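Residue numbers (the numbering used here), protein chains in the order written: chain V, 1 to 245; chain U, 1001 to 1207.
Every residue, glycine too, gets a C-beta built ideally from N, C-alpha and C.
On a predicted model such as this, the values are computed, not experimentally measured, just so you know.
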C-alpha cells in the first residue's frame, strides 16, 4: 500500500468505527485532503446507513415467528465434549472388563458350550502373540485331548473336540517331519471305548522345528502302541551327541 | 429537484461533522455462552441472540434488496436458517454476527436468482423526484433511500464490501472471511466501490 492508501485505510477505519469524523480525518492529513475528500465523503454517507431501523412491529412479529419455529423444531441436545469422552471411556472400560471376564470364563468350557467359540478365538490370539508357536500348538492340542477325555460319552461334542485337535495337528505337520510328529502325538483309536483315556502330549519336550546344528540331537521316544490306563504324563527324551566327522 | 439538492447539502454538512456510532462497539458480551446454550437447544438463548443482531441483519439486507417486504422476509429467514444450522457454526475468531451475515448473503443471492430482480436508473430518479418535503426525518429517510438505490448500481461484491465495512462495521479481516477473499482484495474492492459510488452520487447531485 502506498502512503495515500494507508491514510485512506486509516481514515476509513476511524470513520467506520465512529472514532472520528470526516473533517477530523481531513484536518489530520492536509497533504492528502483533496484526494481523500470524495472517498471519505462517500464512505461517510454509507456509514449513515446505520440509521436504518426495522419497525418495532416487524421485530416483534419476526421474534414470534422464530419462537414458534424453535418450538416446532427443537434442537437435539448436543453432547458436550466432556460428556462424550466420559461416556466413551466408561464404555471402553466396560467392554474391556467384559472381554477379560469372558475370556477367563471361556478357558474352562467344553465343546458345545456357548462360550466354546470364544475359547477357540482366544487360543488363536494366544498362538499369534506367542513367540513359540510349536509349544503353544502342543498346549492347545493337549487342551483338545483333555476335552476329548471329558466329552467322550457325547459323540457330537467329541467330534467337535476332535476337529479342533486335527486342526492343531495339521499346523504341527507343517513344523515337523512325519517321524517326529508320530513320536509326539498319541495314536488315536477310533474304535477305542469312551472309558479309554487318551494320553496328553508333553508340551515341554525339547523339540524344535529346526534344531540348531550344534545342539545335541534330540530323539523323542515313541509312545507305546497299547497305552496303559494311566500313562506317564512326561515322555522321557534321549540326548544323542552329534556324530563325529 | 431543488428539494433534492437542499437535502443533499444539509445531509453532507451533517455527515462531515458527525461521529457515527458503530454497531460493533457494543457486541453481545456473553455471545459465546449464548451460542453454546442455543446449540444445546435453549430457545431463550437464541432469542437473545436475535434481539441483539436483528437490526444489523435487517440493515445488511435492506441495502442489498430494493423492497421492504423482501427485506423483512429475508431477515426473518436468516434467523430461522441460523437456528437450523447452529451445529455448523464453530466459535472461533469470527463473531456470530459474521455467520449471520454469511447466511444473509446467501439468502440474498438466492433471492436474486429466483426473482431476477433488477433496478434501473429511471426508478431511482423517480424516487428522488417524488420525495416529500424537507423535515429532518423525511430528509434522513430520503437520503437512506438514495443511498439504497445508489448501492444497487455497484457490483454484487462492491455492495457487500461497503455494507459490511461501513454499515455493519466489520473489520477488513472479517469481511474477507465472509466473502472468502484476501484482505488485499477486499481493500481493492472497497476503493473501487467508493470511487464508483462517489462518481454516481456526484452525477446524481449535478443532475
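Nearest neighbour of residue i, chosen from the options [CA to CA]
| i | options | result |
| --- | --- | --- |
| residue 15/V | 150/V, 45/V, 31/V, 118/V | 45/V |
| residue 1051/U | 1063/U, 1075/U, 1064/U, 1071/U | 1075/U |
| residue 108/V | 140/V, 95/V, 134/V | 140/V |
| residue 64/V | 1067/U, 1066/U, 1068/U, 1077/U | 1077/U |
| residue 1061/U | 1203/U, 1084/U, 1168/U | 1168/U |
| residue 1033/U | 1058/U, 1096/U, 1088/U | 1096/U |
| residue 1108/U | 1038/U, 1175/U, 1073/U | 1073/U |
| residue 49/V | 1195/U, 1045/U, 1084/U, 1151/U | 1151/U |
| residue 30/V | 62/V, 19/V, 8/V | 8/V |
| residue 1087/U | 1037/U, 1114/U, 1110/U | 1037/U |
| residue 148/V | 34/V, 110/V, 2/V | 110/V |
| residue 1091/U | 1102/U, 1031/U, 1046/U, 1141/U | 1031/U |
| residue 164/V | 129/V, 145/V, 71/V | 145/V |
| residue 132/V | 83/V, 101/V, 175/V, 13/V | 175/V |
| residue 1164/U | 1082/U, 1063/U, 1184/U, 1069/U | 1063/U |
| residue 40/V | 99/V, 172/V, 11/V, 4/V | 11/V |
| residue 18/V | 5/V, 98/V, 43/V | 43/V |
| residue 124/V | 26/V, 71/V, 167/V, 20/V | 167/V |
| residue 1035/U | 1059/U, 1071/U, 1079/U | 1079/U |
| residue 1180/U | 1161/U, 1059/U, 1203/U | 1161/U |
| residue 1194/U | 70/V, 36/V, 122/V, 160/V | 36/V |
| residue 158/V | 119/V, 25/V, 112/V | 112/V |
Alpha helix (DSSP H) segment containing residue i, residue limits
| i | result |
| --- | --- |
| residue 1076/U | 1068–1084 |
| residue 1089/U | Counting along the chain, residue 1089/U falls outside any alpha helix (DSSP H), and DSSP gives it neither H nor E. |
| residue 1178/U | 1172–1179 |
| residue 176/V | Here residue 176/V belongs to no alpha helix (DSSP H), and DSSP marks it neither H nor E. |
| residue 65/V | 56–72 |
| residue 1114/U | 1096–1115 |
| residue 27/V | 22–28 |
| residue 1055/U | 1043–1062 |
| residue 15/V | 3–17 |
| residue 32/V | It is not in any alpha helix (DSSP H) - residue 32/V carries neither H nor E in the DSSP assignment. |
| residue 1156/U | 1156–1162 |
| residue 1165/U | No alpha helix (DSSP H) contains residue 1165/U, which DSSP labels as neither H nor E. |
| residue 1031/U | 1031–1039 |
Contacts that residue i makes with chain V (C-beta to C-beta distance below 9 Å)
| i | result |
| --- | --- |
| residue 1047/U | 63, 66, 67, 70 |
| residue 1142/U | Residues of chain V passing the Cβ test: none, with the nearest at roughly 12 Å. |
| residue 1066/U | Correct list: empty, because the minimum Cβ distance to chain V is about 13 Å. |
| residue 1102/U | Per Cβ cutoff of 9 Å: no residues; residue 1102/U is ~18 Å from chain V at best. |
| residue 1062/U | 49, 52, 54 |
Residue i: contacting residues in chain U (beta-carbon distance under 8 Å)
| i | result |
| --- | --- |
| residue 76/V | 1041 |
Interface partners of residue i on chain V, CB under 8 Å
| i | result |
| --- | --- |
| residue 1084/U | 73 |
| residue 1153/U | Here the premise fails: no neighbours, minimum Cβ distance about 13 Å. |
| residue 1054/U | 54, 59, 62, 63 |
| residue 1187/U | 1, 5, 9 |
| residue 951/U | Chain U is shown only over 1001 to 1207; residue 951/U falls outside these bounds and no answer can be derived. |
| residue 1105/U | Within chain V, no residue comes near residue 1105/U; the closest Cβ sits about 16 Å away, beyond 8 Å. |
| residue 1094/U | Within chain V, no residue comes near residue 1094/U; the closest Cβ sits about 17 Å away, beyond 8 Å. |
Proximal chain U residues relative to residue i, where beta-carbon distance stays under 7 Å
| i | result |
| --- | --- |
| residue 58/V | 1072 |
Chain V contact residues for residue i, given Cβ-Cβ distances below 7 Å
| i | result |
| --- | --- |
| residue 1179/U | Near residue 1179/U there are no residues of chain V at all, since even the closest Cβ is about 16 Å away, more than 7 Å. |
| residue 1194/U | 39, 42, 43 |
| residue 1050/U | 63, 66 |
| residue 1114/U | Neighbours of residue 1114/U on chain V: none; closest Cβ ~21 Å, over 7 Å. |
| residue 1197/U | 42 |
Check each residue of the stretch 39–52 of chain V: if its Cβ is closer than 8 Å to any Cβ of chain U, include it; give the result in chain order.
39, 41, 42, 43, 44, 45, 46, 47, 48, 49, 50, 51, 52
Using Cβ-Cβ distances below 9 Å, what residues of the stretch 7–28 of chain V are close to chain U?
8, 9, 12, 13, 15, 16, 17, 18, 19, 20, 21, 22, 23, 24, 26
Runs of alpha helix (DSSP H) lying entirely within the stretch 109–148 of chain V, each at least 4 residues, in chain order:
116–129
Could you name the residues of the stretch 1144–1177 of chain U whose beta carbon sits closer than 7 Å to any beta carbon of chain V, in the order they occur along the chain?
1144, 1147, 1162, 1165, 1166, 1167, 1169
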